[in-house]
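Numbering (my numbering), first residue to last: 17 to 601.
Built from N, CA and C at the ideal position, the CB exists for glycine as well.
Shown next, in structure tokens, is the structure this report addresses.
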């Protein structure tokens, strides 16, 4: 359950912990977008304060419609992946020239894979690939298997595997409610009521189909503990984790979107809101902007106007770092189908407290004081010192088992959850490779060392890898196809092998590959993790051949030109070849 929090006299300054050591480039970043939406809930661009730089994407006159999320609908793992590649104009999957997929000899399989890799679209790309048999241990194919490449969200394989090994599939995150004493006979709690978060990602609609159920459950537990009135403040304590609220190596333009949401020990609803924008009812009228779920801290300044039919969309959305103000500017045609995107929220712990306060009021629990937060610790040492005896746990809320959270991390490729897992590892699991003594240790850096230690135990040469964050959003992450294959091979024989395998997306069925490889031998067969960043695409996992042999594979494609879609050009065709292989290794 973790240690009980110490309540300081006043909350720590928010600015003290931002520590933007991770970012390169100017603080002022902007991105002007005028484009059609190519995926449901695809993010648009980022703008920061002047001076500005722009990244432009060619606009289209007829944007395709995108559905707006509904609070009454369950957010399943199939909704959308957390990938900034959605900011790019990547064309939809294009069917390549049909070729027979069934091969009967190993030489024929290797020749077919080589033929795919020689396609002209890939001439400038770097491709690392390795395929081996789990049954015989033999290598079926490899190319550049030891080259360091960006894994994108394949990085989550490393984080979740370490999490399963160190925490176990049954591990539960615990959010505790502390006070100086139990409520008196009248139900009054003396002093503050503190909500102490330990990184639970499951207080979210993705797990229960309702944006407010997790908060309501916690409020119900507080009321059931006999609390009727809080004499002091309602405090959201996120000091369990130490370090900045973003991952090392994340880019500025990622940080306002849901895939780059703030990492907090007290998270709620994936620390984002769904943003919907549609044209007004007549030319010249303001566009219609809404967010879901409602965020009482968010202010939207809507300067977006409705333009004549057929006009190209000119849309700019800007939420500054640590800001609850969203600026929306530009124009949208009267016949525009509208835009839906996911916007990260600032200070999620404070949002948590505000939502809880409202839920408590509905249950007759009155808070006399204000709503406030205790910021993340600056270092592991400070986080460890923020514990004290004398506080009473009135109640707590426990997450589903880690096996469920692992699936909700890998199948939709949820960045925030991977980062919460990494920081949890760094907070509670001892590392045999401590950080340099002249560098302040954080939950993230400790977590990376825990992953490295685990990899060494798995037989992976972690010294050759560059591990920066838990999700793969960092452009500093570099791994090899060889290392990923070794990890997957180890996990297939791990004591928690089934939990790991069940957490992976299934081709043509669910997760980020639910719409890929349909109608092929890979459908409902191949289980693998995707990865997508600009100029980085990957797929790694397991597949059973037509002859019944189980294969493990890793395919990584980096540095391909704009407009090339590696899943359709090479990754999926190779995966289908593996599933169709009728020979033996």
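request  = Can you give me the start and stop residues for the beta strand (DSSP E) that residue 253 sits inside?
outcome  = Residue range 250 to 253 is occupied by the beta strand (DSSP E) that includes residue 253.
query = Is residue 459 closer than 7 Å to residue 472 when the C-beta atoms are compared?
reply = Going by C-beta atoms, residue 472 is not nearer than 7 Å to residue 459.
request  = Using only alpha-carbon positions, find the residue among 523, 441, 377 that is nearest to residue 245.
outcome  = Comparing Cα positions, the closest option is 377.
ask   = Is residue 140 buried or exposed, if buried means 16 or more other CB atoms sit within 10 Å of its CB?
value = With fewer than 16 other Cβ atoms within 10 Å, it is exposed.
query = Run through DSSP, which three-state label would residue 227 get?
reply = In the structure shown, the three-state DSSP call for residue 227 is coil.
ask   = Should residue 199 be labelled buried (16 or more other beta-carbon atoms within 10 Å of its own) or exposed?
value = It is buried - the Cβ of residue 199 has at least 16 other Cβ atoms within 10 Å.
task = For the alpha helix (DSSP H) containing residue 507, list its first residue and its last residue.
result = 497 to 508 is the span of the alpha helix (DSSP H), which, as asked, contains residue 507.
inquiry  = Could you tell me the alpha carbon to alpha carbon distance between residue 351 and residue 164, rounded to whole angstroms?
reply    = Using only the alpha carbons, I get a separation of about 47 Å.
ask   = So is residue 586 buried or exposed if we call it buried at 16+ other beta carbons inside 10 Å?
value = Residue 586 should be labelled buried.
query = Taking the alpha carbon of residue 232 as the point to measure from, which residue in 215, 373, 168, 345 has its own alpha carbon closest?
reply = Nearest option by C-alpha distance: 373.
inquiry  = Here's the rule: buried if 16 or more other CB atoms are within 10 angstroms of the residue's CB, otherwise exposed. What is residue 546?
reply    = Buried: at least 16 other Cβ atoms inside 10 Å.
Residue 205 beta carbon less than 7 Å from that of residue 422 = No, these two residues do not count as a Cβ contact at 7 Å.
query = When the Cα of residue 314 is compared with those of 289, 324, 320, which residue comes out closest?
reply = Of the candidates 289, 324, 320, the one whose C-alpha sits nearest the C-alpha of residue 314 is 289.
task = Report all residues from its chain with a CB closer than 6 Å to the CB of residue 343; omit the five preceding and five following residues, and keep chain order.
result = Around residue 343: 317, 334.
key: Other residues of its chain near residue 521: CB distance less than 6 Å, five sequence neighbours each side excluded   = By the criterion of a C-beta distance shorter than 6 Å, residue 521 is surrounded in its chain by 427, 527, 528, 529, once the five residues flanking it on both sides are discounted.
key: Segment limits, alpha helix (DSSP H) that includes residue 588   = Counting along the chain, residue 588 sits inside the alpha helix (DSSP H) bounded by residues 588 to 596.
message = Strictly under 7 Å for the Cβ-Cβ distance: is residue 266 near chain D by that measure?
response = Note that chain D does not occur in the displayed structure, where there is just one protein chain.
query = Between which two residues does the beta strand (DSSP E) containing residue 565 stretch?
reply = Element bounds for residue 565: n/a, residue is neither H nor E.
key: Secondary structure, beta strand (DSSP E): runs of 3+ residues fully inside the region 507 to 558   = You should have 543 to 549.
task = Put residue 245 into one of helix, strand or coil per three-state DSSP.
result = Here residue 245 sits in strand by DSSP.
query = Can you tell me whether residue 154 is buried or exposed, with buried defined as 16 or more other CB within 10 angstroms of its CB?
reply = Of the other Cβ atoms in all chains shown, fewer than 16 fall within 10 Å of the Cβ of residue 154; this residue is therefore exposed.
ask   = How big is the Cα-Cα spacing for residue 420 and residue 223?
value = Residue 420 and residue 223 have their C-alpha atoms some 9 Å from each other.
query = Helix, strand or coil: which one does DSSP assign to residue 302?
reply = In this structure, residue 302 counts as strand in the three-state DSSP scheme.
task = Report the rounded CA-to-CA distance for residue 236 versus residue 207, giving the unit in angstroms.
result = The alpha-carbon atoms of residue 236 and residue 207 are separated by roughly 20 Å.
inquiry  = Going by DSSP, what residue range makes up the beta strand (DSSP E) through residue 16?
reply    = Any question about residue 16 goes unanswered here, given that the chain covers just 17 to 601.
Beta-carbon proximity list for residue 178, same chain, < 7 Å, skipping 5 on both sides = Once the five neighbours on either side are set aside, the close Cβ partners of residue 178 are 441, 466, 467, 470.
request  = Can you have a look at residue 490 and say buried or exposed, based on whether 16 or more other CB atoms are within 10 angstroms of its CB?
outcome  = Within a 10 Å sphere around the beta-carbon of residue 490 sit 16 or more other beta-carbons, which makes this residue buried.
query = Among 574, 595, 588, which one has its Cα closest to the Cα of residue 168?
reply = Nearest of 574, 595, 588 to residue 168, Cα basis: 574.
query = Hey, would you say residue 277 sits closer than 7 Å to residue 285, going by beta carbons?
reply = The answer is no: Cβ separation not under 7 Å.
ask   = Roughly how far, in whole angstroms, is the beta-carbon of residue 599 from the beta-carbon of residue 120, given that I think they are within contact range, below 8 Å?
value = 5 Å between Cβ atoms; contact.
inquiry  = Short of 6 Å in beta carbon distance, which residues of its chain neighbour residue 371, apart from the five on each side in sequence? Order them along the chain.
reply    = Correct list, in chain order: 231.
request  = Classify residue 205 as helix, strand or coil using the three-state DSSP reduction.
outcome  = Three-state DSSP puts residue 205 in a strand.
key: 8 Å CB neighbourhood of residue 524 in its chain, flanking five on each side removed   = These residues qualify, in order along the chain: 530, 531, 532, 533, 534, 535, 536, 538, 539, 540.
query = Ordered along the chain, which non-local residues of its own chain (more than five positions away) have a Cβ less than 6 Å from that of residue 369?
reply = If we look at residue 369 and ignore the five residues flanking it on each side, its Cβ neighbours are 250, 252, 387.
C-beta contact flag for residue 185 and residue 418 at 7 Å = Yes, the pair counts as a contact, with Cβ atoms nearer than the cut-off.
query = Where does residue 194 fall in DSSP's three states?
reply = Residue state, collapsed to three classes: strand.
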